[in-house]
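Heads up, the sequence shown is in our numbering, so the first residue is 135 and it goes up one at a time. The beta carbon of each residue, even a glycine, is placed where N, CA and C say it ideally should be. For clarity, every value in this text was computed on a predicted model and none was experimentally measured.
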Amino acid sequence: MAEDFTVTPYQVTGEIDYDELVERFGTKKIDNALLRRLSKYGEIHHMLRRKIVYSHRDFDWILNEYDKGNKFVLYTGRGPSGPVHIGHLMPWAFTKYLQDLFDVKLYFQMTDDEKFMFYDKLSMDDTRKWGYENALDVIAMGFKKGKTKIFLDTELIKTMYPLAIRAAKKINFSTVKAVFGFDNSYNIGSIFFTSIQSVPAFLESYFQKKKVPCLIPCGIDQDPHFRITRDIAEGLDYYKPALIHAKLMPSLMGSEKMSTSKGDMTIWTTDSPKTVKRKIGNAFTGGAVSVEEQKKHGGKPEICSVFNYNQYFFLPDDKALDDLMQKCRSGAIMCGECKAALAERVIEFLQRHQERREKAKDILEDFMLRD
Ligand code: SF4
Numbered sequence: 135m136a137e138d139f140t141v142t143p144y145q146v147t148g149e150i151d152y153d154e155l156v157e158r159f160g161t162k163k164i165d166n167a168l169l170r171r172l173s174k175y176g177e178i179h180h181m182l183r184r185k186i187v188y189s190h191r192d193f194d195w196i197l198n199e200y201d202k203g204n205k206f207v208l209y210t211g212r213g214p215s216g217p218v219h220i221g222h223l224m225p226w227a228f229t230k231y232l233q234d235l236f237d238v239k240l241y242f243q244m245t246d247d248e249k250f251m252f253y254d255k256l257s258m259d260d261t262r263k264w265g266y267e268n269a270l271d272v273i274a275m276g277f278k279k280g281k282t283k284i285f286l287d288t289e290l291i292k293t294m295y296p297l298a299i300r301a302a303k304k305i306n307f308s309t310v311k312a313v314f315g316f317d318n319s320y321n322i323g324s325i326f327f328t329s330i331q332s333v334p335a336f337l338e339s340y341f342q343k344k345k346v347p348c349l350i351p352c353g354i355d356q357d358p359h360f361r362i363t364r365d366i367a368e369g370l371d372y373y374k375p376a377l378i379h380a381k382l383m384p385s386l387m388g389s390e391k392m393s394t395s396k397g398d399m400t401i402w403t404t405d406s407p408k409t410v411k412r413k414i415g416n417a418f419t420g421g422a423v424s425v426e427e428q429k430k431h432g433g434k435p436e437i438c439s440v441f442n443y444n445q446y447f448f449l450p451d452d453k454a455l456d457d458l459m460q461k462c463r464s465g466a467i468m469c470g471e472c473k474a475a476l477a478e479r480v481i482e483f484l485q486r487h488q489e490r491r492e493k494a495k496d497i498l499e500d501f502m503l504r505d
């Protein structure tokens, strides 16, 4: 029997069975019919083709509304508790794809209040500082200026608070406990926080004074927040936000989610080429115990973190990925060569990202949403 697992916005443990998670959460898988429909608008992203972005709530309804001329807005975010790593960029890259495909506005929420309330070691100065640091990474991803609004909760609070308390009035303590697994030891800010996370789903409707559809691309671990948002939305006279869910990018240690706390096996966006080479050099692979064994029997890409990195992010070309899989399985490529090739791809990506991140410092204010 598979090991049991837990997935909430605050805890991810065990080996995640993503099919079972769809059942547990009550979401829908993205099927081929939905992909065919999406192909009318443009190329299907490799994360959709590979079922890395694999689940949704009402994404078909978003397309129906779009076809009727009722454009949606995107909403995603980041908990700014430290620097950004490659795993964070994955859903952002997919969000950018959606912004480009549909030419829509994006609200990007920095939950600096959340990280302050959940992490004893972080002061408000810390979380605000990380909010601005992380905003540079968001801008570096190439989101559209004029259509991308980034904000820190503690700064946009004058606009958000009336919406947040309207949401809060409809959420019971028992719901929050059941959905997030909180007990009585949690501070009351943590308990209130989900009402703040609901607000960006309604911001465009609030500004336009009419109901505007909202699509939330996110890691599936964030779904519990938005189940609550969806439950209260119609009672506030807004549309339920739709969601499109990605699997969580595994770490270099293996199948576990890439984590901020495992610094040495996590590639930060600010890492130097030397550091990237070292981290990838130490990655968990599906290689055999010796070169001779691997030449004879091949490797196991399905359990390999290096293969996962290529699959999730760094090798979007399906043929190139398939070639790598065949070579690995047949023993035609050894792990050293394979790791070196990935390191080159990551270094090239990060060099471009770091340049754009530097330039973002001059245009940051163009992206910030203020009260
Ligand atoms: Fe992983 Fe590459 Fe080794 Fe295959 S050859 S097990 S894909 S590192």
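- For Gln485, the enclosing alpha helix (DSSP H) stretches over residues Cys469 to Phe501.
- With three or more CB-CB distances shorter than 8 angstroms, the segment 178 to 198 counts as touching the segment 147 to 161.
- Counting every other CB atom within 10 Å of its CB across the protein chains shown gives Tyr446 a total of 16 or more, marking it as buried.
- Each of Glu478, Lys495 and Gly315 was checked against the Cα of Val146, and the nearest Cα belongs to Gly315.
- In this structure, the straight-line span from the alpha carbon of His487 to that of Arg361 is close to 33 angstroms.
- If only complete runs of 4 or more residues are kept, the segment 165 to 250 shows the alpha helix (DSSP H) at 166 to 172, 180 to 183, 193 to 201 and 220 to 236, in order along the chain.
- Those residues placing their Cβ nearer than 7 angstroms to any heavy atom of the ligand SF4 are, following chain order, Thr419, Gly420, Gly421, Gly433, Lys434, Pro435, Cys438, Val440, Phe441, Leu458, Cys462, Ile467, Met468, Cys469, Cys472 and Lys473.
- Assignment of Lys162 by DSSP, reduced to helix, strand and coil, places it in the strand class.
- Under the 10 Å beta carbon count, Gly160 is surrounded by fewer than 16 other beta carbons and is classified as exposed.
- Within the segment 265 to 308, the complete alpha helix (DSSP H) segments of 4 residues or longer fall at 291 to 302, listed in chain order.
- In this structure the segment 325 to 343 does not touch the segment 395 to 409; the number of beta carbon pairs closer than 8 angstroms is below three.
- Spanning the alpha carbons of Met224 and Met383 requires a straight line of approximately 8 angstroms.
- The criterion of a C-beta distance shorter than 8 angstroms is satisfied by Gly211 and Phe242.
- A contact between stretches requires three or more CB pairs, one per stretch, nearer than 8 angstroms, and the segment 162 to 175 fails this requirement with the segment 320 to 332.
- When Asp505, Tyr295, Leu270 and Leu455 are compared, the shortest CA-CA separation from Phe441 is found for Leu455.
- Beta bridge pairing from DSSP links Gly353 with Ala380.
- In the DSSP assignment, the residues bridged to Gln145 are Thr142.
- One thing to note: Leu484 has its Cβ no nearer than 8 angstroms to the Cβ of Ser439.
- In the structure shown, Cys438 adopts coil according to DSSP, grouped into three states.
- Excluding residues up to 5 positions away in sequence, Phe336, Ser339 and Lys345 lie with their Cβ nearer than 7 angstroms to the Cβ of Tyr372 in the same chain.
- Two segments are said to touch when three or more pairs of C-beta atoms, one from each, lie closer than 8 angstroms; by this definition the segment 301 to 315 does not touch the segment 268 to 281.
- Looking at Gly433, Asp194 and Leu208, the one whose alpha-carbon comes closest to that of Lys202 is Asp194.
- Taking C-beta atoms under 8 angstroms as the contact rule, Gly415 and Ala422 fail to qualify, at a distance of about 18 angstroms.
- CA-CA distance, Pro375 to Phe252, rounds to 25 angstroms.
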